[in-house]
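S.K.: The following block contains the structure, expressed as structure tokens.
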Amino acid sequence: MVFLFIVLIFLILITLFITSKIRVEVEEFKFISKMPKKQKLNYKVVIKFCILGKIPIIKIILNKEKINKIKNKGIFKNIEIKEIEKDLNPKDLSKIIKESNIDIKKIKLNIEFGTENASLTAILVPIISTLIAFVIRLKIKKYRNQNFNIKPLFLNQNLVNIEFSGIFEIKMIHIINIIYILNKKKGEDKNERTSNRRAYANSYE
């Protein structure tokens, strides 16, 4: 009887975990760049772990000050970003994005963009606008809460102003799937390196 009760509790916890979601709320993201030197970045991101897809039980707030404190403490000191970049090629990254099934609940994006060449600015702005619209519409289910605008700046300067806010959700089952894909690729790469070493070893016989 006790064993069945433990199994039941375990199954309930597993079900709650699998059906839960990670909700990312970008309350503020502002980036100003006057190339080549002057840059300014401010942001505030709220990450929530929600069970049953709606009830938040964990809440993490990230902003520039908190990230700087984490960096100063050296928490990410042993994480080699270059090694991670080596393990992920564009094809793998595209697959991960596709498998993530990120649900865009709300998005607001304003971009002001300019270059030293007015003709180049006039060409690039509609291209960038079309690309962003295409990507956003692939993931959007409700168009009512979506808004983006790209404005050209003809000031004969290389500058970019970005203001962004949005709400995104991803199910834990999809995160588990991404972790599986990454581990599978890592295992395949390891086996491939081992196979190559054996091939070279046999060549000396």
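In this text, residue positions in the sequence shown follow my numbering: the first is 4, and each later residue adds one. Glycine residues also receive a C-beta, built at the ideal position from the N, C-alpha and C atoms.
Just to confirm the assignment, what range does the alpha helix (DSSP H) spanning LEU7 have?
M.R.: Unbroken alpha helix (DSSP H) run through LEU7: 5-21.
S.K.: I'd like the span of the beta strand (DSSP E) that includes LYS57, first residue to last.
M.R.: Careful: LYS57 lies outside any beta strand (DSSP E) and carries neither H nor E.
S.K.: Using three-state DSSP, classify ILE170 as helix, strand or coil.
M.R.: It is a strand residue.
S.K.: How big is the Cα-Cα spacing for PHE167 and LYS41?
M.R.: Distance between the alpha carbons of PHE167 and LYS41 is about 20 Å.
S.K.: Tell me the residue span of the beta strand (DSSP E) that contains LYS108.
M.R.: First-last of the beta strand (DSSP E) with LYS108: 106-117.
S.K.: Any heavy atom of the ligand ZN inside 6 Å of the beta-carbon of PHE20?
M.R.: As far as ligands go, the structure on display features none, and thus does not contain the ligand ZN.
S.K.: According to DSSP, is LEU158 part of a helix, a strand, or is it coil?
M.R.: Coil, per DSSP.
S.K.: Can you give the Cα-Cα distance for LYS108 and HIS177, rounded to whole angstroms?
M.R.: One C-alpha to the other measures close to 17 Å.
S.K.: Is the beta carbon of ILE165 closer than 7 Å to that of ILE130?
M.R.: Taking 7 Å as the Cβ cut-off, ILE130 and ILE165 do not qualify as a contacting pair.
S.K.: Which partner residues does LEU65 have in the DSSP bridge list?
M.R.: According to DSSP, which records beta bridges pairwise, LEU65 is partnered with VAL48.
S.K.: Looking at C-alpha atoms only, which residue of CYS53, LYS51, SER36 is the closest neighbour of ASN45?
M.R.: Minimum Cα distance to ASN45 is reached at SER36.
S.K.: Where does LYS72 fall in DSSP's three states?
M.R.: The answer is helix: DSSP assigns LYS72 an H, G or I state.
S.K.: Just checking my contact of LYS62 with VAL49 at CB under 8 Å: how many whole Å lie between their CB atoms?
M.R.: Confirmed, about 7 Å.
S.K.: Helix, strand or coil: which one does DSSP assign to LYS40?
M.R.: Three-state result, LYS40: coil.
S.K.: Specify the secondary structure class of ASN150 as computed by DSSP and reduced to three states.
M.R.: If DSSP states are grouped into helix, strand and coil, ASN150 belongs with the strands.
S.K.: Please confirm whether LYS62 has its beta-carbon closer than 7 Å to some beta-carbon of chain D.
M.R.: Among the chains in the structure shown there is no chain D, since it carries only a single protein chain.
S.K.: Going by the DSSP bridge assignment, what does ILE35 pair with across the sheet?
M.R.: Partner(s): LYS43, ASN164.
S.K.: Distance, Cα to Cα, PHE6 vs ILE17?
M.R.: Rounded to whole angstroms, PHE6 to ILE17 spans 16 Å at the Cα level.
S.K.: Buried or exposed for THR118, please, with buried defined as at least 16 other CB atoms from any protein chain shown within 10 angstroms of its CB.
M.R.: Its Cβ being crowded by 16 or more others within 10 Å, THR118 is buried.
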